[in-house]
Ligand code: SF4
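Residue numbers (our numbering), protein chains in the order written: chain U, 1 to 560; chain Y, 1001 to 1210.
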């Protein structure tokens, strides 16, 4: 992974000093709340319901074990012994003290980490596929360009105060796992006809209040130009994006207002001046950064391992875990492993100090001292030998990290919601927990099969509810908490946004509603069909009908 | 300028006296205040006209000394201002919702102006950065480029990188303090106006294939 040189280190150190002074001035009354706000936000600090929340950047989801140990230490020393992995591959602390945040950042700087631009109206942490570098369907490893873009976007002076937040995702695999179509800019890497690296550029995607999938603005951009091209896009946005209404300030609104053709024309006009300028990436720079992401020193292993096969045959619990949590690897004899942060009854994405330490140890022992964070809020060890899987499983299981539910209904993506977030309309964590309890039977869960259930506590859609096969959105009706349900959303190359099935439900009703959706699916599915396939085939109506059957009955009865 | 008022202008990395007089458009009648969800909207959308013909005509320009006039006044009253321009006494200012092209459209060489200033009503309005960049790069403007309005220490480093070299710090803040903001970072990553090249072109970096 990328290792800082003295230039990178100086930048994070200077940032700590800058932020320390800003915090001092704020506490001394020299900066108003309004003036301090963007400064703290651009360092990941929110003022939340109970305490500030600090969001720490995990660039494109890659962590070294020593960094995770530092995070563990921070959660113990400055927080309440746990942290929350977010849907944008960051780590959030729910209980730090504002006065401590400069010290936390100083601690992070010692392990080449920071909280730069994890919030605020600027270019945010760049996200990518958690299996980058090892996925069998990968065409191009996007991490080198992601790192080059991280550096370019860090304190980009022209884009320091955009109309609104700006999210970039990169992907280089056949199956998109980075949600490129749901970002302000999505970059999809591929090889062109001459086997040169090229990029398909999507713009104006995003969830939130006005969910919309991105539009292709450039079918084929040569990789050298990615920075200047993004500068052209963001400059047009910076100058012309709306600043009078924060709900209409995202780039997607500008793209819609102008139409993609006019937007593209303006971007091209800007780009004509920037193209081939100094920010054009050189081969040497790409090579320098790519050098940090070279192939791991894999052993030559046979494709099969007898002890592994035997364990699968004799231990159904292990077999179930392998089925859900172990993923293909491009090297023979290696696998990637997802450590589930979704044990039933715990807030999705939360990890305790101890669990972080355990995962760091597992990474050291089994996976070249590195791990990844996924936008599904789980942790991944990317390079585990087949022969080590059983020992890894036993160890992970002992620490509540081996729930065999990856990709299943209880692998819920869930934002912090009303328990923590001051923007929330409704709580989301208790809903996740109630659904996990409803579906606590593992055999049944496996029978239901692949299903993504996403929960957001408000329109901001941090829980990506629009692209959940089942999406749940907290809404406020006359001051009480209600939940609107969508089905048919999907991430990936064939992404789609879910359709609202009808009026919202109370919290108590939610497990039953999900149960009914599943009942319809089980009754209607043909072989091999996943929930999402059934929804796409038969449409929303049969689900809607069954879910609301009772309600309609009650209403009619009431009318009599 | 009286010695009693502290100097608020930073130019050339030091605090200096301001020789320029800012000319503002007169306020005529009621200003329209739009509201959004209970908040007063302070941002004007890009490209909105900056002034009415009436306001432009009513703008009083001091007869002597260095003056900075609004873009709209310059565009409408160019003829009468030529003499001042020739004497090096005329600067132009624009607000962040005005477009640079309006200034550059019939004035191919912006270097006729000894000073161009950009007014930022709220510090969070990042259009000021792109405007600075466009003036310096697209329009090759070389003379003093000033930011004024809600200009605060914590944005100075960005302003500097976007081509500003002159900052009129908001009256209630210390310019002395703000000076430090220009030094927040020693070696920024990306190429911008002040350092056109990204760090990997400026410096030999670890692991580069030399
Ligand atoms: S979706 Fe809403 S409630 Fe949930 S974390 Fe985001 S802003 Fe908060």
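All C-beta atoms in this analysis are idealised placements derived from N, C-alpha and C, irrespective of residue type, glycine included.
Neighbour-count burial assignment, residue i, 16 or more Cβ in a 10 Å radius
{"i": "residue 300(U)", "result": "exposed"}
{"i": "residue 422(U)", "result": "exposed"}
{"i": "residue 1131(Y)", "result": "buried"}
{"i": "residue 234(U)", "result": "buried"}
{"i": "residue 1087(Y)", "result": "exposed"}
{"i": "residue 297(U)", "result": "exposed"}
{"i": "residue 1191(Y)", "result": "buried"}
{"i": "residue 238(U)", "result": "buried"}
{"i": "residue 444(U)", "result": "exposed"}
{"i": "residue 178(U)", "result": "buried"}
Other residues of its chain near residue i: CB distance less than 6 Å, five sequence neighbours each side excluded
{"i": "residue 139(U)", "result": "172 and 190"}
{"i": "residue 347(U)", "result": "429"}
{"i": "residue 1058(Y)", "result": "1026"}
{"i": "residue 561(U)", "result": "Because chain U here runs from 1 to 560, residue 561(U) falls outside it and cannot be looked at."}
Paired residues, beta bridge with residue i - DSSP
{"i": "residue 1112(Y)", "result": "The partner list for residue 1112(Y) (beta bridge, DSSP) is empty, contrary to what the question assumes."}
{"i": "residue 128(U)", "result": "170(U)"}
{"i": "residue 123(U)", "result": "166(U)"}
{"i": "residue 85(U)", "result": "91(U)"}
{"i": "residue 190(U)", "result": "198(U)"}
{"i": "residue 351(U)", "result": "83(U)"}
Boundaries of the alpha helix (DSSP H) in which residue i is found, first to last residue
{"i": "residue 218(U)", "result": "First-last for residue 218(U): 215-222, but that is the beta strand (DSSP E), not the alpha helix (DSSP H)."}
{"i": "residue 1157(Y)", "result": "1153-1161"}
{"i": "residue 1178(Y)", "result": "1175-1179"}
{"i": "residue 322(U)", "result": "316-325"}
{"i": "residue 153(U)", "result": "143-153"}
{"i": "residue 39(U)", "result": "33-41"}
{"i": "residue 72(U)", "result": "65-78"}
{"i": "residue 1021(Y)", "result": "Element bounds for residue 1021(Y): not the alpha helix (DSSP H) but the beta strand (DSSP E), 1020-1022."}
Secondary structure of residue i, DSSP reduced to three states
{"i": "residue 378(U)", "result": "coil"}
{"i": "residue 529(U)", "result": "coil"}
{"i": "residue 296(U)", "result": "coil"}
{"i": "residue 52(U)", "result": "strand"}
{"i": "residue 476(U)", "result": "strand"}
{"i": "residue 550(U)", "result": "helix"}
{"i": "residue 557(U)", "result": "Unreliable positioning characterises residue 557(U) in this predicted model, as indicated by a pLDDT of 43, which lies under 50. A coordinate reading is not provided."}
{"i": "residue 1107(Y)", "result": "coil"}
{"i": "residue 3(U)", "result": "coil"}
{"i": "residue 386(U)", "result": "helix"}
{"i": "residue 1146(Y)", "result": "strand"}
{"i": "residue 1204(Y)", "result": "coil"}
{"i": "residue 1046(Y)", "result": "coil"}
{"i": "residue 562(U)", "result": "Summary: the structure shown does not reach residue 562(U), with chain U confined to residues 1 through 560, and so no result is reported for it."}
{"i": "residue 179(U)", "result": "coil"}
{"i": "residue 505(U)", "result": "strand"}
{"i": "residue 470(U)", "result": "strand"}
{"i": "residue 418(U)", "result": "helix"}
{"i": "residue 500(U)", "result": "strand"}
Proximal residues to residue i (C-beta, below 8 Å), its chain only, five neighbours per side dropped
{"i": "residue 91(U)", "result": "55, 56, 58, 71, 83, 84, 85 and 373"}
{"i": "residue 302(U)", "result": "332 and 333"}
{"i": "residue 560(U)", "result": "Low confidence applies to residue 560(U): its pLDDT is 40, below 50, so where it sits in the model is not reliable enough to give any reading."}
{"i": "residue 241(U)", "result": "162, 163, 164, 249, 250, 251, 253 and 254"}
Same chain only: Cβ atoms within 7 Å of residue i, ignoring 5 sequence neighbours per side
{"i": "residue 466(U)", "result": "207, 211, 486, 489, 497 and 498"}
{"i": "residue 1149(Y)", "result": "1119, 1120 and 1121"}
{"i": "residue 5(U)", "result": "none"}
{"i": "residue 424(U)", "result": "417, 418, 457, 458 and 474"}
{"i": "residue 341(U)", "result": "85, 348, 349, 350, 351, 377, 378 and 379"}
{"i": "residue 175(U)", "result": "137, 492 and 493"}
{"i": "residue 517(U)", "result": "470, 487, 543 and 547"}
{"i": "residue 1202(Y)", "result": "1195"}
{"i": "residue 230(U)", "result": "185"}
Residue i, enclosing beta strand (DSSP E) - first and last residue
{"i": "residue 1066(Y)", "result": "1066-1070"}
{"i": "residue 260(U)", "result": "No beta strand (DSSP E) contains residue 260(U), which is instead part of the alpha helix (DSSP H) from 260-274."}
{"i": "residue 1010(Y)", "result": "1009-1011"}
{"i": "residue 334(U)", "result": "334-339"}
{"i": "residue 372(U)", "result": "370-373"}
{"i": "residue 1166(Y)", "result": "1166-1168"}
{"i": "residue 1230(Y)", "result": "Residue 1230(Y) cannot be examined here, being either before or after the span of chain Y that is shown, 1001 to 1210."}
{"i": "residue 454(U)", "result": "453-456"}
{"i": "residue 1090(Y)", "result": "1090-1095"}
Within-9 Å CB hit, residue i to chain A
{"i": "residue 1107(Y)", "result": "Included in the structure are the protein chains U and Y, with no chain A among them."}
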